[in-house]
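These protein sequence lines are chains A and B, in that order. The opening position of the first sequence corresponds to residue 216 in our numbering, with each subsequent residue numbered one higher. The opening position of the second sequence corresponds to residue 3 in our numbering, with each subsequent residue numbered one higher.
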Amino acid sequence: MSRPEVPTVIFIGQPNSGKSTLFNSIAGPKAETSNFPGTSIKHTHSRVNIEGRLLDIVDLPGTYSLCTSDPAEQVVLTHLFSERPDLIVNVVDASTLSRGLELTLELVELGYPTVVALNMVDVAERKGIELDAAKAERLLGLPVVPTIAAHGRGVRELLDRAFDVLDKGQSLKPLRFSDDVETEVAGVERLLPPGFPIVSNARFTAVKLIETAGHACGDFLGEVEPGLRETVNRAKQAIEKDRGAPAYEVLSAERHHQAMKLAEEASRILHGQRMTWDKKVDAILMHPFFGYVILAVVFLAFFVIIFKVGSPLESLLLGPFNNLKAALSARLGGGLLFYLAEGLIQGVGGGVAIVLPYFLPLLFLMSALEDFGYLARAGFLLDAFMHRIGLHGKSVSPFILGFGCNVPAIVSTRILESHRDRVLTSLLIPFIPCSARTTIVLALIAFYLGPFWAMGFYAVNILVVALVGWAVSRFMKEPSPGLILEIPSLKAPRLSSIVSKTWLQVLSFTKFAWPLLIGGSLVLSLLNYFRADRWINDLLAPLVVKGLGLPHELGVTLVFGFLRKELSLIMMLQALGVDYQSLMTVISREQIIVFTVFISFFIPCLSTFVILWKEIGKKWAFISAGLSIAVALALSWAVRLIL
Amino acid sequence: MNLLDAPHGKPLRIVDLAGGENVRRRLMALGFHKGDVVELDGQAILRGPLLVRNCTSDTTVALGRGVAQKVLVEAVHEPA
Numbered sequence: 216m217s218r219p220e221v222p223t224v225i226f227i228g229q230p231n232s233g234k235s236t237l238f239n240s241i242a243g244p245k246a247e248t249s250n251f252p253g254t255s256i257k258h259t260h261s262r263v264n265i266e267g268r269l270l271d272i273v274d275l276p277g278t279y280s281l282c283t284s285d286p287a288e289q290v291v292l293t294h295l296f297s298e299r300p301d302l303i304v305n306v307v308d309a310s311t312l313s314r315g316l317e318l319t320l321e322l323v324e325l326g327y328p329t330v331v332a333l334n335m336v337d338v339a340e341r342k343g344i345e346l347d348a349a350k351a352e353r354l355l356g357l358p359v360v361p362t363i364a365a366h367g368r369g370v371r372e373l374l375d376r377a378f379d380v381l382d383k384g385q386s387l388k389p390l391r392f393s394d395d396v397e398t399e400v401a402g403v404e405r406l407l408p409p410g411f412p413i414v415s416n417a418r419f420t421a422v423k424l425i426e427t428a429g430h431a432c433g434d435f436l437g438e439v440e441p442g443l444r445e446t447v448n449r450a451k452q453a454i455e456k457d458r459g460a461p462a463y464e465v466l467s468a469e470r471h472h473q474a475m476k477l478a479e480e481a482s483r484i485l486h487g488q489r490m491t492w493d494k495k496v497d498a499i500l501m502h503p504f505f506g507y508v509i510l511a512v513v514f515l516a517f518f519v520i521i522f523k524v525g526s527p528l529e530s531l532l533l534g535p536f537n538n539l540k541a542a543l544s545a546r547l548g549g550g551l552l553f554y555l556a557e558g559l560i561q562g563v564g565g566g567v568a569i570v571l572p573y574f575l576p577l578l579f580l581m582s583a584l585e586d587f588g589y590l591a592r593a594g595f596l597l598d599a600f601m602h603r604i605g606l607h608g609k610s611v612s613p614f615i616l617g618f619g620c621n622v623p624a625i626v627s628t629r630i631l632e633s634h635r636d637r638v639l640t641s642l643l644i645p646f647i648p649c650s651a652r653t654t655i656v657l658a659l660i661a662f663y664l665g666p667f668w669a670m671g672f673y674a675v676n677i678l679v680v681a682l683v684g685w686a687v688s689r690f691m692k693e694p695s696p697g698l699i700l701e702i703p704s705l706k707a708p709r710l711s712s713i714v715s716k717t718w719l720q721v722l723s724f725t726k727f728a729w730p731l732l733i734g735g736s737l738v739l740s741l742l743n744y745f746r747a748d749r750w751i752n753d754l755l756a757p758l759v760v761k762g763l764g765l766p767h768e769l770g771v772t773l774v775f776g777f778l779r780k781e782l783s784l785i786m787m788l789q790a791l792g793v794d795y796q797s798l799m800t801v802i803s804r805e806q807i808i809v810f811t812v813f814i815s816f817f818i819p820c821l822s823t824f825v826i827l828w829k830e831i832g833k834k835w836a837f838i839s840a841g842l843s844i845a846v847a848l849a850l851s852w853a854v855r856l857i858l
Numbered sequence: 003m004n005l006l007d008a009p010h011g012k013p014l015r016i017v018d019l020a021g022g023e024n025v026r027r028r029l030m031a032l033g034f035h036k037g038d039v040v041e042l043d044g045q046a047i048l049r050g051p052l053l054v055r056n057c058t059s060d061t062t063v064a065l066g067r068g069v070a071q072k073v074l075v076e077a078v079h080e081p082a
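Laid out in structure tokens, this is it:
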């Protein structure tokens, strides 16, 4: 058999098996692309050189099984079945061995060369389970290497075994199901028509046809021919008649029992269930009272850290850009060139000043909380509240991310299984005050009216999210399947893993949003240069002056608000021709509130709009924009009525 | 009885997974099958989700009440 120049190695494992940690410890910081939390839809690909041998290694999203209806997990199947990897590294969480082995057994059925990384053996030991890797290796018929990816232990041996398999090849023998099931599988296998797109081997293809036929996840096996469909249905019915349960359930149960037996034989219980530290911590984290106290503290800490770190950093970072602008202004005068340069600087500077100071600490904290296992617990605690707005606990982590920036938050809705939940969550995220809008709220409301007003603004904002969610979910009644969320065991977060996670996220955010920021800023500069602000103001006067009771000059800031929310403040001052300290001389308290409310809500910013379009479609992007405008108008008028 | 009526902290055997194919498949993928022994570990306030621990694989999932209702269990009588 001729091997391709650079073999492809795919990493597969169940969620929370430490797969990405292992991947990172091998690929290092060389991984090319990454993904937002929990949503490795775009897989990470990287070429590594290990002692002179090149490998193309691919990190796929976590998946519980090879027969899944979860959209995020289906990516795994598509990738795995369409691209024949040279080797699979199956990462199994040793502390939940029997469940992990169910996926391993499916991989053995698939039959590609495979090595198993029995990861987190330290956690298993803490739980009182001693593992016998050699025994597991004999039972499964493939290399099983104990590892502790977080400490880099066992990685060396894993690679040696992997190279060994790559060099010598491997033949896997799937475990047999019960005889009656095997008979049906063999029947389908025999009748596969010539030319049918076989995945790996005929038996695996037959098993998957029986397991998935009539279900959306059977699509990747291609159109089932009419004759074959009948054969498959007959096999399914035969199994169902014998066992009194659907065929997919019978197959899954067979594997489940094989896995339990394997796990039992390959491990030894050292001592009974002890109250380990993580169990004690968990009892508090998910306590019906203290759990919520801790949640509130975590949220508060989030804001405090972001603004204690963010604000000073922002002014520090913006300084050089402002100096550069001033210098250019002196050199270039007021020509077109200066305006273009100004737009460029503002775009680049805005990216640095927003992304670095606010986004970085937020992502860092998010990664830490995710690694620790807290996000799932927050989802558990808040599930009941989310039900009130037609969602469930899984939407909590996209919402939290939305406080930093709406764009990655919308991307991360990919973790939601149902399309309806995804759309609803994505529609609500633009109402969550991102760091750019928080900057405006702090600068205008907290500074001029006092911190209590700002807190009130936040409270009203959360209420608005809830109300809009409640209202929109009236129109999207399709029942949500309800929460099924794994609560992974708590893990001490490791700095290196958090840093690399944060870094990869910042990178992919920058790739998407920075060009948009720069483009938006250039457009703004050109508008300025051609003095387009005057006719924009006239055009918007009915809304701005009559509708909102704001000065005529502020019309143009709404356009700025669409392109760059955080610029609205500077633009507001520019438009009114005053400096920050003397704002109150030209505008009233009431007008400040109306302006802040309107600018915060009236439309998702350009980047958010684009990502909505990309992720859930044009229709919903426009619905989101319409919804925002309606809410902004209603709120602004309400504010005028009350004050 | 279903999980909503079941006592907390006692071993329970799953006798059936009711509900639609999607929910059943998801539960099975997460390692919850007929015949498994599970334990209720906690519950969130305001009719929130239940924490269900699978005693064999030692994995825990949070199940919303709608899902929990579809998991039928019986008490396991431990040998004295």
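From the three backbone atoms N, C-alpha and C, an ideal C-beta is built for every residue, glycine too. Because the structure is a prediction, the values reported are computed rather than measured.
Which residues in the same chain have their Cβ closer than 8 Å to the Cβ of residue i, if we skip the five residues on either side of it in sequence?
{"i": "A/Val360", "result": "Val330, Val331, Ala332, Leu333, Ala348, Gly369, Glu372, Leu373, Arg376"}
{"i": "A/Pro730", "result": "none"}
{"i": "A/Gly525", "result": "Pro572, Tyr573, Pro576, Ser650"}
{"i": "A/Leu874", "result": "Residue 874 of chain A falls outside the range modelled here, since chain A spans only 216 to 858, and no answer is possible."}
Any C-beta of chain A sitting closer than 9 Å to the C-beta of residue i?
{"i": "B/Gly11", "result": "no"}
{"i": "B/Val17", "result": "no"}
{"i": "B/Ala20", "result": "no"}
{"i": "B/Leu32", "result": "yes"}
{"i": "B/Val25", "result": "yes"}
{"i": "B/Val39", "result": "no"}
{"i": "B/His79", "result": "no"}
When DSSP labels each residue in this structure, what does residue i get in the three-state scheme?
{"i": "B/Asp18", "result": "strand"}
{"i": "A/Asn231", "result": "coil"}
{"i": "A/Val801", "result": "coil"}
{"i": "A/Gln473", "result": "helix"}
{"i": "A/Phe392", "result": "coil"}
{"i": "A/Ser526", "result": "helix"}
{"i": "A/Phe504", "result": "coil"}
{"i": "A/Glu298", "result": "coil"}
{"i": "A/Thr329", "result": "strand"}
{"i": "A/Gly770", "result": "helix"}
{"i": "A/Phe226", "result": "strand"}
{"i": "A/Gln796", "result": "helix"}
{"i": "B/Gly44", "result": "strand"}
{"i": "A/Ala568", "result": "helix"}
{"i": "A/Ile413", "result": "coil"}
For residue i, would you say it is in contact with chain B, using Cβ-to-Cβ distances shorter than 9 Å as the test?
{"i": "A/Pro766", "result": "no"}
{"i": "A/Thr293", "result": "no"}
{"i": "A/Ala349", "result": "no"}
{"i": "A/Gly605", "result": "no"}
{"i": "A/Leu312", "result": "yes"}
{"i": "A/Tyr507", "result": "yes"}
{"i": "A/Lys495", "result": "no"}
{"i": "A/Ile699", "result": "yes"}
{"i": "A/Gly367", "result": "no"}
{"i": "A/Leu373", "result": "no"}
Using a Cβ-Cβ cut-off of 7 Å (strictly less than) and excluding sequence neighbours within five positions of residue i, which residues of its own chain qualify?
{"i": "A/Phe662", "result": "none"}
{"i": "A/Ser415", "result": "Leu325, Gly326, Tyr327"}
{"i": "A/Ser235", "result": "Asp274"}
{"i": "A/Asn337", "result": "Note that residue 337 of chain A corresponds to Asp in the displayed sequence, not to Asn. The residues are Ile363."}
{"i": "A/Leu597", "result": "Gly608, Val611"}
Can you pull the chain C neighbours of residue i, defined as C-beta to C-beta under 8 Å?
{"i": "A/Gly233", "result": "In the structure shown, chain C cannot be found, because the protein chains are A and B."}
Please return the same chain residues whose Cβ sits closer than 6 Å to the Cβ of residue i, not counting the five positions on each side in sequence.
{"i": "A/Arg458", "result": "Val465"}
Against chain B: residues of the stretch 461–476 of chain A by CB proximity under 9 Å: Listed in sequence order: Pro461, Tyr463, Glu464, Ser467, Ala468, His471, His472, Ala474, Met475.
Would you call the stretch 756–775 of chain A in contact with the stretch 806–819 of chain A, where contact means no fewer than 3 C-beta pairs closer than 8 Å? In the pairwise beta carbon analysis, the stretch 756–775 of chain A is classified as touching the stretch 806–819 of chain A: at least three pairs are separated by under 8 Å.
For the stretch 262–278 of chain A, which residues have a CB atom closer than 8 Å to at least one CB atom of chain B, in sequence order? Shown here is that no member of the stretch 262–278 of chain A has a Cβ falling below 8 Å from a Cβ of chain B.
Is the stretch 692–712 of chain A close to the stretch 583–591 of chain A, with three or more CB pairs under 8 Å? Flag = yes, the stretch 692–712 of chain A and the stretch 583–591 of chain A touch.
Check distances from the C-beta atoms of the stretch 52–76 of chain B to those of chain A and list, in chain order, the residues that come in under 8 Å. Listed in chain order, the positions of the stretch 52–76 of chain B with a beta carbon within less than 8 Å of a beta carbon of chain A are Leu53, Asn56, Thr58, Ser59, Asp60, Thr61, Thr62, Val63, Ala64, Leu65, Gly66, Arg67, Gly68, Val69.
The stretch 461–481 of chain A contacting the stretch 313–324 of chain A, beta-carbon criterion three pairs below 8 Å: With a cut-off of 8 Å, the stretch 313–324 of chain A and the stretch 461–481 of chain A count as touching, because enough Cβ pairs lie within range.
Count the C-beta pairs between the stretch 5–20 of chain B and the stretch 60–71 of chain B that are closer than 8 Å, then say yes if the count reaches three, no if not. The answer is yes - the stretch 60–71 of chain B touches the stretch 5–20 of chain B, with three or more Cβ pairs under 8 Å.
Would you call the stretch 839–850 of chain A and the stretch 810–819 of chain A touching, i.e. three or more CB-CB distances under 8 Å? Cβ pair count under 8 Å is three or more, so yes.
Whether or not the stretch 617–636 of chain A and the stretch 546–557 of chain A are in contact is what I'm after, with contact meaning three or more pairs of Cβ atoms, one per stretch, closer than 8 Å; do they touch? Result no; under three Cβ-Cβ pairs closer than 8 Å.
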